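First residue of the sequence shown: -19, per our numbering; consecutive thereafter. Shown next, in structure tokens, is the structure this report addresses.
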Amino acid sequence: MKKRVALYVRVSTEGQAEEGYSIDAQKKLLEAWCISKEVEEYEFFIDPGFSGSNLERPALQDMMNCVRRGEISHVAVYKLDRLSRSQKDTLFLIEDVFNKYDVGFVSLTENMDTSTPIGRAMLGIISAFAQLERETIKIRTRMGMKERVKSGLWMGGGKIPFGYDYDSEKGILVPNDDAPTVRKIYDMFLSGMSPSAIANELNLKYEKLVVQILKRKTNIGVINYKGEEYEGRHEAIVDREIFDRSEDEFKRRARGMKSESRHLLSGLVYCGLCGARMRYQKWGKKGYKLVCYSQQKSKPYLVHDPECKNEKVWADEVEDELLKDIFSLSLEKEIKSEKVIKTQSQTVRLEKKLKRLYELWSDGNNALLDVIKDTEKKLERSKKADEERLLNEANKEKKVTAISEIENVRDLWDTLDFSEKRHLVRTVVDKILVFGDKINIYYRF
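Structure (structure tokens):
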């Protein structure tokens, strides 16, 4: 398969009109570079209107997949910050994606080519400055935002609280047609209704929204920013006295509720067919069954598939099967092998060799460039092998520690109180999938 050069182009929403950064301008420069290098096979990967602060960009992801499939020989960009404005992401792309698949990286503006030692050194320096510029802008923005909020103005943009609109000219929130609904929510809650009942009565999406509205201090004219509270210039929807009464009601109800569920697997069990959570449901005098939330219409936001046909299973049977599986686990003793020691020695040896080659190359011996490049690749492979070994050892140690805890209490299980049993299960179990009378257990190690 003949490989091609990937030409990556990105413009942020703010930068689309900037001269020299437009899509067409970048394309022309990259095409000119291809002509100068006599590159015939190339493809553009373009992300219009995407920020360079993260890697969640469709064209970039497509390009990375092409790299992993071995279809790309080089990646070229007009400027380094077109690839990413994050030093961490830039180094990840070049070192862990491009270099891993033997793909060269070229930046026209910085005259960088990572297939050379000098290019790799420049990469670290330039990406560091790009990150510094971004962090400086972020700090200035935050400082300006804090001063804005301290003066009582809304942050601007973002998510506007339910019951308000944002007046961009005045810079403040303005109560809208949903404001009476907010006041009604407080009245209903103080009259004794639960958040779930309020959500159903007012046709709101879920009960959590009701709780968020009741606890939002924006409703009493306060702006919360970075954990600090400031008096806002906007009109309050409810009086502070009503808000305080609502807070007291939350505390009163909390005191009347049990501090925690008395079910061992609450929050750990999921439907294997549709992926929804499963809940304990009282089943006459015989006990409890685990029921898929998709079959429970009381909380529509938890429904994944209204047609889910998963069976209802006895909770105690699932608990017994889980404990049987946990207690069947045995400790694994990990012994450091000669192969590991040999791998470590190889890394040290390659590092020493590369250092000596750099010294010779710095004296003007350009004939060593191919040897240096080959040694760098071998060193990279050796380091990755060491990293994988260390990760495996860490995971194994974590597993041994977790299972050791189980081994120590296996014979004492029946003497533990409920909170101790529940803590132990959550220490080792990530989730449980139920497929009718069969279960799949996923451990944390």
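Heads up, the beta-carbon is just placed ideally off N, CA and C, and yes, glycines get one too. Only a predicted model underlies this, so the values are computations on that prediction, with no experimental measurement involved.
| said: Determine whether the beta carbon atoms of Lys185 and Tyr281 lie at a separation below 8 Å. | reply: yes
| said: With a threshold of 7 Å on Cβ separation, who are the neighbours of Leu248 within its own chain once the five nearest residues in sequence on each side are excluded? | reply: Val409, Lys411 and Ile412
| field | Close Cβ partners of Val162 (< 8 Å) along its chain, the five nearest in sequence each way excluded | value | Phe142, Gly143, Ile193, Asn199, Ile217 and Val218
| field | N- and C-terminal bounds of the beta strand (DSSP E) containing Glu211 | value | Glu208 to Glu211
| field | Residues of its chain near Lys(-18), where Cβ-Cβ distance is below 8 Å and the 5 sequence neighbours each way are ignored | value | Glu21
| said: Tell me the residue span of the beta strand (DSSP E) that contains Phe398. | reply: That residue, Phe398, is in no beta strand (DSSP E); its alpha helix (DSSP H) goes Phe398 to Val408.
| said: Could you give the first and the last residue of the continuous alpha helix (DSSP H) run that contains Gln192? | reply: Glu187 to Lys195
| Looking only at its own chain, which residues have a Cβ that is under 8 Å from the Cβ of Glu209, when we skip the five neighbours before and after it? | Lys197, Val202 and Ile203
| query | Which first and last residues belong to the alpha helix (DSSP H) in which Gln6 is found? | reply | Ile3 to Ser16
| task | Report the three-state DSSP secondary structure of Ile419 (helix, strand or coil). | result | strand
| field | Nearest residue (CA-CA) to Val328, options Glu299, Lys358, Lys7 and Phe307 | value | Lys358
| request: In angstroms with no decimal places, state the Cα-to-Cα distance between Glu356 and Ala101. | output: 13 Å
| message | If you reduce the DSSP assignment to three classes, tell me which class Arg49 lands in. | response | coil
| By Cβ distance below 8 Å, which residues in the same chain neighbour Phe223 in space, the five residues on each side in sequence not counted? | Tyr166, Lys197, Asn199 and Ile200
| For Ile419, which residues from the same chain have a beta carbon less than 7 Å from its beta carbon, with the 5 sequence-adjacent residues on both sides left out? | Val298, Glu301, Ile412 and Leu413
| request: Reducing DSSP to helix, strand and coil, say where Lys126 ends up. | output: helix
| message | With DSSP as the reference, identify every bridge partner of Tyr250, one or two as the case may be. | response | Arg257 and Leu413
| Neighbour-count burial assignment, Gln6, 16 or more Cβ in a 10 Å radius | buried
| Alpha carbon to alpha carbon, what distance is there between Ser171 and Ile178? | 11 Å
| query | Which partner residues does Leu(-13) have in the DSSP bridge list? | reply | Phe24 and Ala56
| field | Arg128 versus Trp13: straight-line alpha-carbon distance, rounded | value | 46 Å
| request: Look up Pro155 in the DSSP assignment and give the residues it is bridged to. | output: Tyr144
| Which listed residue (Lys262, Gln261, Ser274 and Trp263) has its alpha carbon closest to that of Gly252 | Ser274
| task | Could you round the C-beta distance between Val47 and Tyr81 to whole angstroms and report it? I think they count as a contact, below 8 Å. | result | 5 Å
| query | Gly264 to Val271, Cα distance in whole Å? | reply | 14 Å
| If you check the beta carbons only, do Gly132 and Gly212 fall under 8 Å apart? | yes
| said: I'd like the list of long-range same chain contacts for Gly416, defined as Cβ closer than 6 Å, with 5 residues on each side in sequence excluded. | reply: Glu291
| Anyone know if the C-beta pair for Phe25 and Leu71 falls short of 8 Å? | no
| For the putative contact between Arg242 and Phe398, defined by C-beta atoms under 8 Å, what is the C-beta separation to the nearest angstrom? | 6 Å
| query | Residues in its own chain within less than 6 Å of Arg62 by CB, not counting five upstream and five downstream? | reply | Arg(-10)
| Which stretch, first to last residue, makes up the alpha helix (DSSP H) that contains Leu71? | Gln67 to Leu71
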